[in-house]
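What follows is one structure encoded as structure tokens, with my remarks underneath.
Chains as they are written, first to last, in my numbering: chain A, 54 to 538; chain B, 54 to 538.
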């Protein structure tokens, strides 16, 4: 077992991001490969972060009146194919149950790749009057998409997510909901993951199959590639017309509802690990870290006294009502060497470490060491600890965000010519801001020649008078381009 | 919409339990039928109760060091069939994915009907040394079993549950875990659902496919049938031998681990609804009720004053740190009639109702009315409310439990002859305690002739000298028999 935390075996993030990532995800015990190709196990340390996201996100949505529910995993194929763009978009990724209870099924069952059809079939049954609106339901569940190339967390055959689905009486109200959900995703990324994101609308070719418009938050990974972090779809009346979801207005008139759906998945955790980690392993922001402080006893002659003091330190550092609910633990397998346990706190990305030996016991002090190099060690008396750690964790969280923010800012470039565009995509990568005519053929050519796709048009984009970076024809808006995960 | 809460449409529990049940589940908006036969939607009001169970249960298991994780939905068929009894038991209930991404799969995928095989395949990879034990992991997920006859909550093609899976170095430790989990289920039923249960071990024919022994908690439904409420399996070394899960002892010796698994599902909610409901609808115990107090404004000339006062009452009744975390709401659609809203609080089984009209505003009082007839109305001054409601809710919870306990006690009978046994099963039903020789043929005959199965041998059963109720041969233990859901 000792070799699991052998630093020699750890790949360097600076040398090969992809190898480093897989290595760290496995070594920090965030996840493991499962028997079916492309599937993975969320191990307790990784799943605890998702539980934290669930907790935070549930508070946000419940405050807004969104209620949790659960809809079936199986969607009849005959129902799924009712919306044409929807089935076209998802068809290559479907897993189908064809045998149930030993018998071949007449109508195969789609294992949900998203729940619009199954949920809205029910909405059609439940919505009758303006009084039934808005209908705001979210569910936390598992999703299956038959991906060809898979990658732990970032792209797997099965993943976990939340999907919110609302029906409203007006398009305006639905659009407001779309942007509210998008802002919740911004908060998860910026305030919890310490990852700055760009908010905006996707191009026609990149939008959700069956939707009217797709909004997303996009983050930048260390290799200069973008990660689509969460999406919020304005579905217009596309689905309500197909499934006949009508309501009676106060005036008596019958109208189709306006809908939206929005999802954040465990994919986002992949982004979290990629952005902050370093050559020594994972680095977790305090707000989502399952363990916020690891107390590491230095064992020797005075074991009992040291362990007793560790317990006192633990109690002093614990705060039930913390904004940082991660555990304070006397860390690791005490039969392992001191050095091994220290490495383990690093690989697992625990924000704060407190090493306790006979000297600390005698002096009644403790020293906080930090996982990020931007913080210097802090020595304090045990009697003075109360209430101090919260502020320190805030500082760590802020510094992590600032560092990621600087990286993002440095890697948003404006390309003045297509030559420059290609040159950037061939070297540093990152986001490129360019005018684009919004023609799908320019978009396709750029992708073919540079691997960069349109990521989004920023929410605050203003119409200007520019020229398309590819064809040179008049273009109204600046778009963000990047290679993407 | 008004007809949804039309009492005329409500079936009587006393006349036909099954019709009443389905009717109440639909009308209280706990669940609805979904497009695929045998599947259902957990609507927000029903799902909120499950969220409450999750919350309570997570606290219990985490305190004991069990960690949550997530394992894949899909199990390769080739892996699933490795344990012979396991595949034999589950084979008739499997849903199989045979097509993925448009291609036929060589090895079909089993949609998990339980996760022993997929989890233990990973355990074999993770467990090497005594230091890795015990390994205690739980997951909350969705399960698919191809049931022929389905029933909302109680038996559906897909259901939600938690499944805990532990590996230990000794059988003794594993057995202790089995009983600890069983006691958690007892707590959920007795302390939260207000349903008394009997704890014990199942017969050979009723045990889990592939396990060594199965323990369960059994509850009694109003029609005299038993509901298996939660099961905890001692798996012995059956799975560790098939999947080669070995660990090295301190002594250096290699041994197979001892395992157990235990599950509580959304089926239990069906029991909750069946036990406490009455002719007016659902009756929910305060500890799991999503809404604990419904404030019902009596609207008329003084709407504004009444609504303002309702808000004050709401604030006075709310208690963030309550053992009864259900919401206090100003209830219902205020455009609906007063009578309609009252009926709605009844159908939804809300434990406490507070009707507020101009008189209450003037006198600064409120009256608590209760969903259960065993409580009498309580008039109090608004200024005196603080802290009082917790105790009252405790009283409601206790009275509900006592009533159910009395029903259970009255319906456990000892049959002195097989004639008496048959007569009881043909009339009142309930549990029958009888000596049984533990021979599978007597068990099968009794089932064939009376529809009663062996439910369990009580945990505190003591060996005696009796005669089998069926064959008259010597029998050591008294067993519980009942017809079952």
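Glycine is no exception: its CB is placed at the ideal position from the N, C-alpha and C atoms.
{"Item": "Write down every uninterrupted run of the alpha helix (DSSP H) in the stretch 372-419 of chain B whose length is 4 residues or greater and which is fully enclosed by it, in chain order.", "Value": "391-400 and 411-416"}
{"Item": "What's the gap between the Cα of residue 299/B and the Cα of residue 430/A?", "Value": "43 Å"}
{"Item": "What does a CB cutoff of less than 7 Å around residue 293/A pick up in its chain, not counting 5 residues either side in sequence?", "Value": "309, 310 and 312"}
{"Item": "Quick one: which chain B residues come within Cβ less than 7 Å of residue 199/A?", "Value": "153 and 154"}
{"Item": "Roughly how many angstroms separate the alpha carbons of residue 104/A and residue 538/A, rounded to a whole number?", "Value": "24 Å"}
{"Item": "Using beta-carbon positions only, say whether residue 221/B and residue 227/B come within less than 8 Å of one another.", "Value": "yes"}
{"Item": "Would you decide whether residue 481/B is buried or exposed? Buried here means 16 or more other CB atoms lie within 10 Å of its CB.", "Value": "exposed"}
{"Item": "Roughly how many whole angstroms lie between the Cα atoms of residue 437/A and residue 401/A?", "Value": "28 Å"}
{"Item": "Helix, strand or coil: how does DSSP classify residue 221/B here?", "Value": "strand"}
{"Item": "Quick one: which residues of the stretch 125-141 of chain B get their C-beta closer than 7 Å to a C-beta of chain A? List them in chain order.", "Value": "125, 126, 127, 129 and 132"}
{"Item": "Below 8 Å, can you find three or more Cβ-Cβ pairs linking the stretch 201-210 of chain B to the stretch 244-260 of chain B?", "Value": "no"}
{"Item": "Can you have a look at residue 131/A and say buried or exposed, based on whether 16 or more other CB atoms are within 10 angstroms of its CB?", "Value": "exposed"}
{"Item": "With distances taken Cα to Cα, identify the nearest neighbour of residue 380/A among 360/A, 144/A, 281/A and 345/A.", "Value": "345/A"}
{"Item": "Comparing the C-beta of residue 344/B with each C-beta of chain A, is any distance below 8 Å?", "Value": "no"}
{"Item": "Helix, strand or coil, according to DSSP, for residue 54/A in the structure here?", "Value": "Reliability of the predicted coordinates at residue 54/A is poor, the pLDDT of 35 falling under 50, and no value is obtained from them."}
{"Item": "Taking the C-alpha atoms as reference points, what is the distance between residue 230/B and residue 484/A?", "Value": "53 Å"}
{"Item": "Taking 8 Å as the CB-CB cut-off, is residue 321/B touching chain A?", "Value": "no"}
{"Item": "Tell me which residues share the same chain as residue 458/B and place their Cβ nearer than 6 Å to its Cβ, disregarding the 5 neighbours each side in the sequence.", "Value": "249"}
{"Item": "From this set, 348/B, 523/B, 452/B and 450/B, which residue's C-alpha is nearest residue 472/B's C-alpha?", "Value": "523/B"}
{"Item": "Would you mind giving the Cβ-Cβ distance between residue 350/B and residue 453/B, rounded to the nearest angstrom? I have them listed as a contact below 8 Å.", "Value": "In fact, because the Cβ distance is near 27 Å, the residues do not count as touching under 8 Å."}
{"Item": "Tell me, to the nearest whole angstrom, how far the beta carbon of residue 85/A is from that of residue 79/A; I am working on the premise that it is less than 8 Å.", "Value": "7 Å"}
{"Item": "Over what stretch of residues does the beta strand (DSSP E) that includes residue 173/B continue unbroken?", "Value": "Residue 173/B -> not in any beta strand (DSSP E); alpha helix (DSSP H) instead, spanning 169-179."}
{"Item": "Have a look at 450/B, 413/B and 375/B and flag the residue whose alpha-carbon is nearest the alpha-carbon of residue 434/B.", "Value": "413/B"}
{"Item": "Just how far apart, CA to CA, sit residue 378/A and residue 111/B?", "Value": "15 Å"}
{"Item": "Answer yes if the stretch 167-179 of chain B comes into contact with the stretch 122-136 of chain B, meaning at least three C-beta pairs across the two stretches below 8 Å, and no otherwise.", "Value": "yes"}
{"Item": "In chain order, what residues of the same chain have a beta carbon less than 6 Å from the beta carbon of residue 420/B, not counting five sequence neighbours either side?", "Value": "430 and 432"}
{"Item": "Is the shortest distance between the beta-carbon of residue 171/A and the beta-carbons of chain B less than 8 Å?", "Value": "yes"}
{"Item": "Determine, using beta carbons only, whether residue 259/B and residue 506/B come nearer to each other than 8 Å.", "Value": "yes"}
{"Item": "Report yes if the CB atom of residue 113/A is closer than 8 Å to the CB atom of residue 237/A, and no otherwise.", "Value": "yes"}
{"Item": "For residue 286/A, which residues does DSSP report across the bridge?", "Value": "267/A and 314/A"}
{"Item": "Taking all protein chains shown into account, decide if residue 398/A is buried (16 or more other Cβ within 10 angstroms of its Cβ) or exposed.", "Value": "buried"}
{"Item": "Rounding to the nearest angstrom, what Cα-Cα distance links residue 172/B and residue 497/B in this structure?", "Value": "34 Å"}
{"Item": "Please name the residue in 99/A, 179/A, 91/A and 87/A whose C-alpha comes closest to that of residue 178/B.", "Value": "87/A"}
{"Item": "Classify residue 246/B as helix, strand or coil using the three-state DSSP reduction.", "Value": "coil"}
{"Item": "Per DSSP, which residues does residue 208/B bridge with? Please list them.", "Value": "204/B"}
{"Item": "Is the number of C-beta pairs between the stretch 499-516 of chain A and the stretch 527-537 of chain A that are closer than 8 Å three or more?", "Value": "yes"}
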